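Here is the structure we will look at.
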């Protein structure tokens with residue numbers, strides 16, 4: 104995969120992390136359930152840390168960090184709506200769950216493409232965190248809407 108394509112993927116991942124941060128911050132202010140609000144605040148903080156880690160990769164250059172296995176189809180996802188506080192809460196949580204799952208899948212591809220253990224471990228940690236976010240959101244969804 105060309106470096107420019109990897110760069111674009113990471114730029115999109117940064118944008119997704121920022122979108123999630125904004126959404127979870129907004130949602131934490133709207134939720135009446137304090138436990139759910141606290142979880143959303145923690146998720147927002149983690150998304151901000153993910154953004155910082157990805158930005159660091161971009162700032163340090165990508166050429167030597169990734170292998171080129173051909174087209175991984177990583178950028179072929181169908182567009183999904185942007186998370187918004189104006190969405191119905193149940194729809195927004197389901198969309199957030201889907202986005203967290205997709206982020207974990209994207210990071211798995213980037214981990215496979217990583218040449219150095221340091222970057223591979225970063226993406227593997229991001230996978231675990233995104234899976235944890237998905238689990239937290241599923242817990243909130245079932246508590247509020249199931």
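Numbering (the numbering used here), first residue to last: 104 to 249. All residues carry an ideal CB built from backbone N, CA and C; glycine is no exception. Everything numeric in this text was worked out from a predicted model, so none of it was measured.
Opposing strand residues paired with residue 187 [DSSP bridges]: Beta-bridge pairing links residue 187 to no other residue.
C-beta atoms of residue 241 and residue 200 nearer than 7 Å: With a cutoff of 7 Å on beta-carbon distance, residue 241 and residue 200 are scored as near each other.
Short Cβ contact (7 Å threshold) for residue 124 with residue 196: A distance of 7 Å or more separates the beta carbons of residue 124 and residue 196.
Taking the beta carbon of residue 226 as the centre, do at least 16 other beta carbons fall within 10 Å, making it buried, or is it exposed? That one is buried.
Tell me which residues share the same chain as residue 185 and place their Cβ nearer than 8 Å to its Cβ, disregarding the 5 neighbours each side in the sequence. 122
Taking a contact to mean a Cβ-Cβ separation below 7 Å, would you say residue 143 touches residue 130 in this structure? yes
Using the DSSP secondary-structure output, state which residues sit across from residue 131 in a beta bridge. Paired residues: none, contrary to the question.
For chain B, check one thing: does any of its Cβ atoms lie closer than 7 Å to the Cβ of residue 116? Absent from the structure: chain B. Only one protein chain is present.
Inter-residue Cα distance where the pair is residue 115 and residue 209: 11 Å
Cβ shell of residue 178 (< 8 Å), same chain only, five flanking positions each side left out: Low per-residue confidence applies at residue 178: pLDDT is 43, beneath 50, and the placement is therefore not dependable enough to give any value.
Report the partner residues of residue 85 according to the DSSP bridge assignment. Lying before the first or after the last residue shown, residue 85 is absent from the chain, which here runs from 104 to 249.
Quick one: measure Cβ to Cβ for residue 223 and residue 214, integer angstroms, because I've assumed they're closer than 8 Å. 5 Å
Could you say which of 211, 216 and 247 lies nearest to residue 231 if we only look at CA atoms? Answer by Cα proximity: 211.
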